[in-house]
Amino acid sequence: MSIEFRIPDLLDLVEEYRKPLNPNFDALDAGFQKWIEDAAFLSATHKKAWKHAELPLLIARAFPEADAAHLKVCLESMMMFLILEQLTDTPATSAVSKKWANEFVEALQQAEAPQTKKEGPVAILRLLGTQVITAIDPPYRAGYIASNVLLAEGVVQEALDREQYDENNSISLEAYLATRRKSIGALPFHDLALWTWQLELPDAEVLKNPHIQLMVQASVDLVLLANDIYSYRKEYLEDGAKHNYVTVAMHDPKTALKPGDIQAAIDYTAKEFVDTLARLKENKALLPFGDNADLAPKVERYTELMMDSVAGNIEWSVACKRYSLFPDEAARKAGLVKI
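The sequence shown begins at 1 in UniProt numbering and counts up by one.
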């Protein structure tokens with residue numbers, strides 16, 4: 001018997017942040033398709049998965065105003081993430097995941113060091129890592145690498161969570177969020193955006209401001225909540241969506257949800273999205289930079305870039321073949337999903 005549930009229209013909730021598709025998309029996508037076809041190391045199955053991921057669409061949505069050169073680097077960064085994901089996802093053990101996470105981080109941290117010959121996925125990670133780090137200007141590299149270290153840590157923790165999974169004693173939403181905020185990979189997008197627009201924000205005065213930090217966390221949560229809603233069908237078919245906010249919410253006693261009530265859990269997750277968006281706006285209103293002629297426009301731009309990532313991720317999620325949710329716009333508006 002099929003399972004049906006409805007997804008609320010999250011795009012409608014972020015309507016004020018939506019922007020047109022980056023005009024460099026077609027050229028970016030053409031280059032990506034050629035890279036896949038020329039990649040002899042990818043099997044036919046993997047090539048299909050890479051095409052279905054539609055990474056150029058994600059990047060063109062998340063960076064809607066970037067030029068072609070910056071967009072290409074952002075795509076290469078995302079390609080590294082997809083390689084890491086494929087190497088560490090089910091059925092990879094935590095030991096295997098840790099090995100590949102280390103290779104991923106090393107490809108970035110050692111990008112400028114003398115290179116020894118590598119084979120297989122490591123060689124591709126090293127090549128992409130070198131291209132990305134070489135392109136990113138020095139003032140932005142440390143932040144970008146630090147965000148990816150957190151990403152790698154989250155990926156390893158997800159593998160540990162899979163190994164230790166117990167339906168009768170599942171992890172709490174709090175524990176899940178601590179990992180997912182890293183593994184969703186939203187923070188590297190922030191660093192890429194800062195680099196793309198050469199936006200220099202003082203660490204002590206801006207980046208460590210508590211309201212800014214809460215806004216950053218909220219924007220990351222918006223990406224992960226939306227992603228877990230839209231990817232639920234795909235993950236359910238793969239492994240029961242064990243490591244997904246929707247599933248974890250069903251088993252966390254604090255939510256009062258019943259295990260198996262997917263629609264209630266989807267609605268709960270969507271409400272968290274609404275509340276998180278409101279929290280981001282509340283913290284933005286409390287920022288103390290309004291009278292600072294230098295910082296106010298920079299912080300406003302930073303907020304805009306955060307929301308480019310949020311809205312762009314949702315735009316991609318509803319359209320990509322990776323999730324295959326809606327055949328047309330009418331279906332998206334209706335929100336009906338079948339498993």
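Where a beta carbon is used, it is the ideal one built from N, C-alpha and C, also for glycine.
_Cβ pair count under 8 Å reaching 3, the stretch 134-149 against the stretch 160-171_ = no
*Under a three-way DSSP split, which group does E238 fall into?*
The residue given as residue 238 occupies position 238 in the sequence shown. Three-state result, E238: helix.
*asked:* With three or more C-beta pairs closer than 8 Å as the rule, is the stretch 37-48 touching the stretch 169-185?
replied: The stretch 169-185 vs the stretch 37-48: no contact.
*For H251, count neighbouring C-beta atoms within 10 Å of its own C-beta (all shown protein chains included) and say buried if the count is 16 or more, exposed if not.*
Taking the sequence shown and counting its residues from 1, one reaches residue 251 at position 251. It is buried - the Cβ of H251 has at least 16 other Cβ atoms within 10 Å.
*State the CB to CB distance for the pair L58 and F25, rounded to an integer number of angstroms; the pair is presumed to be in contact (CB under 8 Å).*
Locating residue 58 in the sequence shown gives position 58, counting from the first residue. Locating residue 25 in the sequence shown gives position 25, counting from the first residue. Actually they do not touch by this definition, with Cβ atoms about 10 Å apart.
*To which residues does DSSP link V337 through a beta bridge?*
The sequence position of residue 337 within the sequence shown is 337, counting from 1. Answer is F5, bridged to V337.
*Among R322, V318 and I339, which has the Cα closest to the Cα of D9?*
One-based indexing of the sequence shown puts residue 9 at position 9. That would be V318, whose Cα lies nearest to the Cα of D9.
*Is R126 near A107, with beta carbons less than 8 Å apart?*
In the sequence shown, residue 126 corresponds to position 126, counting from 1. In the sequence shown, residue 107 corresponds to position 107, counting from 1. Going by C-beta atoms, R126 is nearer than 8 Å to A107.
*Taking Cβ positions, are P229 and L11 nearer each other than 8 Å?*
Against the sequence shown, residue 229 aligns to sequence position 229. Against the sequence shown, residue 11 aligns to sequence position 11. Position check: residue 229 holds Ile in this sequence, whereas Pro was assumed. Not closer than 8 Å, so no.
*Would DSSP call A66 helix, strand or coil?*
Reading the sequence shown from its first residue, position 66 is the one you call residue 66. Residue state for A66 is assigned as coil, using DSSP reduced to three classes.
*Kindly indicate the opening and closing residues of the alpha helix (DSSP H) around N148.*
Position 148 of the sequence shown, counted from the first residue, corresponds to residue 148. For N148, the enclosing alpha helix (DSSP H) has its first and last residue at P138 to E163.
*Exposed or buried, which one is F41 when buried takes at least 16 other CB atoms within 10 Å?*
In the sequence shown, the residue the question calls residue 41 occupies position 41. So F41 counts as exposed.
*Nearest-angstrom beta carbon gap, A218 and T276 [assumed within contact, 8 Å]*: Position 276 of the sequence shown, counted from the first residue, corresponds to residue 276. Position 218 of the sequence shown, counted from the first residue, corresponds to residue 218. About 5 Å separates the two Cβ atoms, so the contact holds.
*DSSP state of C320, grouped into three classes?*
Here the question's residue 320 lines up with position 320 in the sequence shown. C320 falls in the coil class under three-state DSSP.
*Distance, Cα to Cα, G31 vs R322?*
Your numbering for residue 31 matches position 31 in the sequence shown. Your numbering for residue 322 matches position 322 in the sequence shown. Rounded to the nearest angstrom, the two C-alpha atoms are 19 Å apart.
*asked:* What does the alpha-carbon distance come out to for the pair L151 and V223?
replied: Position 151 of the sequence shown, counting from 1, holds the residue named residue 151. Position 223 of the sequence shown, counting from 1, holds the residue named residue 223. Answer to the nearest angstrom: the Cα atoms are 14 Å apart.
*Take A270 and list the residues in its own chain whose beta-carbon comes closer than 6 Å to its own, dropping the five residues that flank it on each side.*
The residue labelled residue 270 in the question sits at position 270 within the sequence shown. Excluding sequence positions up to five before and after A270, its CB lies within less than 6 Å of the CB of P8, all in the same chain and listed in chain order.
*Sequence-distant residues of the same chain with beta carbon closer than 8 Å to L13, five excluded per side*: The sequence position of residue 13 within the sequence shown is 13, counting from 1. Counting only Cβ-Cβ distances below 8 Å, and skipping sequence neighbours, we find F273, V274 and L277.
*So what's V216 in DSSP terms, helix, strand or just coil?*
For the purposes of this step, residue 216 is taken as residue 216 along the sequence shown, with counting starting at 1. Three-state DSSP puts V216 in a helix.
*asked:* Among A62, R301 and E235, whose alpha-carbon lies nearest the alpha-carbon of S324?
replied: Counting from 1 along the sequence shown, the entry for residue 324 is found at position 324. The shortest C-alpha separation from S324 is found at E235.
*Could you tell me which uninterrupted alpha helix (DSSP H) segments, each at least 4 residues in length, are contained entirely in the stretch 106-138, listed from first to last along the chain?*
Qualifying alpha helix (DSSP H) stretches, in chain order: 120-135.
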